[in-house]
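Peer 1: Okay, handing you the structure first.
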């Protein structure tokens, strides 16, 4: 847009004059003056000064939208508010003249003239109807009209005055005089500028109430409205208050500005409707000139209405007016068709047409009509091309290419200035993401209206500015090519050319916004237009946009194209600077785009030679050798020597795919796995991919590094009978041996003809185990002057897939059955020492002592020196105690010592099984060395799984028993004999266990005992002696019954809380009579023993000998501190008769026990039934004991022998028949 006058392309914002706050420099430039003098406005008040005036001016200038992006969202304030252009002026300023001065009056000329009386109506100094106008009589527009409304005639004039509370009415009168003077001057000028006054007071009305009267007087004297014309500004303490005040004031003034531009729009519409000029203002002397045509007149006022709509920021309305103006100018009767192409007015019309089209694009981008903007840009370019082809000098001129360049650059600049939301939104996301930048949008999405109607081609989508700048670069390059074709006679300056030649140029060359031929391509370099500088500027701007969106290939292509232009202009250093970054990190090389790589290398090779850069020249010669033949009939080193005869010690090194290489290399191991010390075959294959016809490439050295220390070096040694035809295998597998340090040095012929393979085979051995990979393979071509090395560190680039085998005269290629041939897995040397574990059982049991026998058998061919280590851990990674069972070895390591060939030795392992079930892994490792090779360690490992399980499971039955000791009296004092002696009631309990074997073997049960896991804090617990029994052999899945008893006694007689006990069942067992005892610990569920609840225990007392029946005793206990009453009911039974109360009531004192007896006479069942049950029979008496208060039946417990409770809770008594 720099080629057009600034007034034409500047965005239109409502102009506001700020008077009384001092003047600041206006960076938009001074307004051009007109020929006539305008109205001068002078006021007598002094300018406002101080910090408050400066802060107020700063806030007003902050709302200036001149430098802001051209969109509605970018400017400050609400979206519905206008954006302003602020301009500071002093107390004295001038407005331009609204009407042109009348023509001089000459009666003599009028009397001599026979023409009709001309009109005396005066018009604007810039109107085509005013003789003094620069566009008189048939021009359409001048930039002075735009400057008039952008810088000279404001929509609002805001005057600021200081109002002091201490001064009298003199200050008021001066303010009134100044305001009225401004109003009068504006009225005289003819402009309808709105005026507002701001009174800056040093006190608020609350502190100085008299200010209200003074404000009223000023308002009445000036006829200003307090809402839209007269503003009072009290003292404000912060910038935020001032900013709010300014925003509120301009919001109130916004309707005045809109009304001002609406009035101008109405005036322009009336002028358009009235039609073209009513009559000529010319005199008889210039009567030959013609007036502006009607289409031109219509176009003029359409443009005016569009500009005023822009001032109101009604962009859709402005776009319609601008589009109508374009149609008027391009119409069949428009000024572009009616005006002669040789006339300066035609160039002015083209200029105006470009500006209007530019404003159409700006309005569409403002409204986010991105697709419409692209279509408008394309359509206008097509219409202009057609116009220039028909009426101009054609589109094959440098002027047209300059216009295309300018038009594409304008689109890029408009997108940048508009800050299109589609691109700005992506930029916002990138700023929010601190870890990595989000990709910027390449093009704006299609408009909704466009999507609904039809499918648009891609070039109708609005792309980012780099796309348009790239079009501008292409046009600028075409302009340069056309300029280079200008004949020499047309490049001579006009002062040195005959008049006929100058006239011929004027008729032949189009210079619309372009240079003359002698400046476009001057004879003397440096005195004309610099095409290369223009192309470089546009290219750099395009590269910046493409690079911002990570479009690396586009940036490389732009740089490459620019380098070609620089080289064509013989600016080789600049071209070299452009080419080297592309060459060093070239996407084309990675993508195998050789159609681009070859021209790049060729151009860089030539630029490096011309600039004296020997390293780049050598590197590009090496890389070009893989794609073309830069050396000609000479070899590479000979070509370099001839190019740089004085060069010495030039070293160039490449890595991997950093550069193309004319050589190919493949490395392959013959096996994917081997062992330490064993030899493995390896083949290195080399061949040249230089173009046919080039000399064979001769390598000076090849170096291969495998792992960290293994190196293979092949140096060149020419053979006399060397032939360039066919593939050749150099087999060193039987003749080459490694050095003491493990390296291998070979000599072979390293001349590589075109497309013929040279295979070098050798054997390698490794002393360390692990996966060994190719670390680096380097190829070197060197002599005393130059050294070129290409190193490959990526195994994927040199991985072979086959081996070559010589069968007679035929070299056969055999594919490898594995993928990665550049790596070999080296296993440790296979140990021949055998480990055998004896005595391992299927399973072991908790807390068992495990003893295993480990036998070591030496199957090596010679003696070994061995050391054995052992460790054990469970599946939960818990360690288990294990050691060698030898007195001199109490740790995990056992020194076996010298073990001869075929000899064997045994060692015992001792391990204690854990206390929880687990699967223990016993890790055995024997490290040894051969006597002949003590530096190579060998190892033999074995993992033995030992299953540890529980040998037993137990189920428990718990219940109370009757303690024979009498209960103490609740009403008698109890004194302890000692301080620690318990004084509570003794209670007897039974804990019977049913032990079940879970072992796979028969286990011998030695003893079973119930023990306390911990002492109770509130009671004393004593265990009865365990039941004595002989050793019991418990078979798998069998059970045995083990009774146990214990007694508890509260430490305090008054303690009625339940007692908690933690018990364990210890089972002593062994695997046999002579085996060691093992104690299995079984947990008993926690017992809660009630201490205050009543209970009933049943025992039996046998009668004296000779008496029949038995005595059934029910012991009712009341351990609580309350009197309890129970109702006892004995139910009749057919199995016996009883003597005692069938129903009775029993009261118990606190802490007391009462025994209720029933004498039973058993019903005889006869001799037959008695013989069948010699162990006695069971009877089931039923006694109901009910708490009278709670009406709750008490459960009756078996309190002694020969009494039981069955599964249903019934009480059974065993009766043994007495022998007669």
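Residue numbers (UniProt numbering): 1 to 1220. By construction, the Cβ of each residue, glycine as well, lies at the ideal position given by its N, Cα and C atoms. Source: prediction; values computed, not measured.
Pick helix, strand or coil for residue 378, following the three-state DSSP scheme.
Peer 2: Looking up residue 378 in the chain shown gives position 378. Helix.
Peer 1: Would the beta-carbon of residue 760 be found less than 7 Å away from any heavy atom of the ligand NAP?
Peer 2: Judged by which ligands are present, the structure shown has none, so any question about the ligand NAP falls away.
Peer 1: Just mark residue 1072 as buried or exposed, buried being the case when its beta carbon has 16 or more other beta carbons within 10 Å.
Peer 2: Looking up residue 1072 in the chain shown gives position 1072. Exposed, by the Cβ-count rule.
Peer 1: Okay, do the segment 727-746 and the segment 652-663 touch, 3+ Cβ pairs below 8 Å being the bar?
Peer 2: no
Peer 1: If you run the structure through DSSP and keep just helix, strand and coil, what is residue 423?
Peer 2: If you number the chain shown from 1, residue 423 lands on position 423. Of the three classes helix, strand and coil, the one that applies to residue 423 here is helix, per DSSP.
Peer 1: Using the Cβ count rule (16 or more neighbours within 10 Å means buried), how would you classify residue 1188?
Peer 2: As a first step, residue 1188 is located in the chain shown; it is residue number 1188 there, counting from the start. Result: exposed.
Peer 1: For residue 819, name the three-state secondary structure that DSSP assigns.
Peer 2: The count along the chain shown starts at 1 and reaches residue 819 at position 819. Residue 819 falls in the coil class under three-state DSSP.
Peer 1: Who are the Cβ neighbours of residue 1102 in its own chain at under 7 Å, not counting the five residues just before and after it?
Peer 2: Locating residue 1102 in the chain shown gives position 1102, counting from the first residue. 1110.
Peer 1: Assign residue 1191 to one of three DSSP states: helix, strand, or coil.
Peer 2: The residue given as residue 1191 occupies position 1191 in the chain shown. Residue state, collapsed to three classes: coil.
Peer 1: What did DSSP end up calling residue 143 once you bin it into helix, strand or coil?
Peer 2: Position 143 of the chain shown holds residue 143. Reduced to three states, the DSSP call for residue 143 is helix.
Peer 1: Sorted by chain position, which residues of the same chain lie with C-beta nearer than 7 Å to residue 300's C-beta, five sequence neighbours on each side aside?
Peer 2: Mapped onto the chain shown, residue 300 falls at position 300. Same-chain partners within the cutoff: 140 and 141.
Peer 1: Express the C-alpha separation of residue 1143 and residue 1156 in angstroms, rounding to a whole number.
Peer 2: Numbered from its first residue, the chain shown carries residue 1156 at position 1156. Numbered from its first residue, the chain shown carries residue 1143 at position 1143. C-alpha separation (whole angstroms): 12 Å.
Peer 1: Below 8 Å on the Cβ atoms is my guess for residue 397 versus residue 509; work out the distance and round it to an integer in Å.
Peer 2: On the chain shown, position 397 is the one that residue 397 refers to. On the chain shown, position 509 is the one that residue 509 refers to. That pair is a contact at about 7 Å.
Peer 1: Judging by CA-CA distance, which residue of 379, 884, 202 and 194 is the nearest neighbour of residue 255?
Peer 2: In the chain shown, counting from the first residue as 1, residue 255 sits at position 255. It is 194 whose Cα lies nearest to the Cα of residue 255.
Peer 1: By Cβ distance below 7 Å, which residues in the same chain neighbour residue 1003 in space, the five residues on each side in sequence not counted?
Peer 2: Here residue 1003 corresponds to residue number 1003 of the chain shown, with the count starting at 1. Around residue 1003: 951, 997, 1034, 1069 and 1071.
Peer 1: How about residue 91 and residue 43: are their beta carbons less than 8 Å apart?
Peer 2: As a position in the chain shown, residue 91 is number 91, starting the count at 1. As a position in the chain shown, residue 43 is number 43, starting the count at 1. The answer is yes: Cβ separation under 8 Å.
Peer 1: For residue 818, tell me which candidate among 671, 842 and 337 has the shortest Cα-Cα distance.
Peer 2: The residue labelled residue 818 in the question sits at position 818 within the chain shown. Nearest to residue 818 by C-alpha distance, out of 671, 842 and 337, is 671.
Peer 1: Does DSSP put residue 228 in a helix, in a strand, or in coil?
Peer 2: Residue numbering aside, residue 228 sits at position 228 when the chain shown is read from its first letter. DSSP places residue 228 in coil when its eight states are reduced to three.
Peer 1: Looking only at C-alpha atoms, which of 585, 560 and 591 sits nearest to residue 607?
Peer 2: In the chain shown, the residue the question calls residue 607 occupies position 607. Taking only the C-alpha atoms, the option nearest residue 607 is 560.
Peer 1: Starting from residue 12 and walking both ways along the alpha helix (DSSP H), at which residues does that stretch end?
Peer 2: The count along the chain shown starts at 1 and reaches residue 12 at position 12. No alpha helix (DSSP H) contains residue 12, which DSSP labels as neither H nor E.
Peer 1: Which residues mark the beginning and the end of the beta strand (DSSP E) in which residue 1102 is found?
Peer 2: One-based indexing of the chain shown puts residue 1102 at position 1102. 1095-1102 is the span of the beta strand (DSSP E), which, as asked, contains residue 1102.
Peer 1: Measure the alpha-carbon distance for residue 619 versus residue 468 and round it to whole angstroms.
Peer 2: Within the chain shown, numbered from 1, the residue matching residue 619 stands at position 619. Within the chain shown, numbered from 1, the residue matching residue 468 stands at position 468. Their Cα atoms are separated by approximately 36 Å.
Peer 1: Given this structure, state the Cα-to-Cα distance separating residue 715 from residue 749, to the nearest angstrom.
Peer 2: Within the chain shown, the letter at position 715 stands for residue 715. Within the chain shown, the letter at position 749 stands for residue 749. Rounded to whole angstroms, residue 715 to residue 749 spans 8 Å at the Cα level.
Peer 1: Looking at C-beta atoms only, is the number of pairs between the segment 1010-1025 and the segment 1061-1068 that lie closer than 8 Å three or more?
Peer 2: Yes: at least three Cβ pairs fall under 8 Å.
Peer 1: Sorted by chain position, which residues of the same chain lie with C-beta nearer than 8 Å to residue 784's C-beta, five sequence neighbours on each side aside?
Peer 2: In the chain shown, counting from the first residue as 1, residue 784 sits at position 784. Within the same chain, residue 784 has close Cβ partners 648.
Peer 1: I need the boundaries of the beta strand (DSSP E) containing residue 300, first residue and last residue.
Peer 2: In the chain shown, the residue the question calls residue 300 occupies position 300. Careful: residue 300 lies outside any beta strand (DSSP E), inside the alpha helix (DSSP H) at 294-311.
Peer 1: Short check: CB of residue 1022 to CB of residue 1047, under 8 Å?
Peer 2: Here residue 1022 refers to the residue found at position 1022 of the chain shown. Here residue 1047 refers to the residue found at position 1047 of the chain shown. Result yes, Cβ atoms of residue 1022 and residue 1047 sit closer than 8 Å.
Peer 1: For a test of the three-state rule: what should DSSP assign to residue 1153, helix, strand or coil?
Peer 2: By 1-based counting over the chain shown, the position of residue 1153 is 1153. If DSSP states are grouped into helix, strand and coil, residue 1153 belongs with the strands.
Peer 1: What are the complete beta strand (DSSP E) segments, minimum 3 residues, inside the segment 144-184?
Peer 2: 156-163
Peer 1: Just the Cα atoms here: how many angstroms apart are residue 20 and residue 161?
Peer 2: The count along the chain shown starts at 1 and reaches residue 20 at position 20. The count along the chain shown starts at 1 and reaches residue 161 at position 161. Roughly 7 Å between the two C-alpha positions.
Peer 1: Is it the case that the Cβ atoms of residue 233 and residue 198 are separated by a distance below 8 Å?
Peer 2: Walking along the chain shown from the start, residue 233 turns up at place 233. Walking along the chain shown from the start, residue 198 turns up at place 198. Yes, Cβ-Cβ distance for residue 233 and residue 198 is below 8 Å.
Peer 1: Count the other CB atoms, across all protein chains shown, that sit within 10 Å of the CB of residue 683; report buried if there are 16 or more and exposed otherwise.
Peer 2: For the purposes of this step, residue 683 is taken as the residue at position 683 of the chain shown. Buried, because 16 or more other Cβ atoms sit within 10 Å of the Cβ of residue 683.
Peer 1: Shorter than 8 Å from the beta carbon of residue 311 to some beta carbon of chain C?
Peer 2: Protein chains in the displayed structure number just one, and chain C is not present.
Peer 1: So what's residue 475 in DSSP terms, helix, strand or just coil?
Peer 2: For the purposes of this step, residue 475 is taken as the residue at position 475 of the chain shown. DSSP places residue 475 in helix when its eight states are reduced to three.
Peer 1: So residue 326 is in the alpha helix (DSSP H); what residue range does that whole segment cover?
Peer 2: Start at 1 with the first residue of the chain shown, and residue 326 comes out as number 326. Here the alpha helix (DSSP H) through residue 326 covers 315-330.
Peer 1: Do residue 855 and residue 880 have their CB atoms nearer than 8 Å?
Peer 2: For the purposes of this step, residue 855 is taken as the residue at position 855 of the chain shown. For the purposes of this step, residue 880 is taken as the residue at position 880 of the chain shown. No, the pair does not count as a contact, with Cβ atoms beyond the cut-off.
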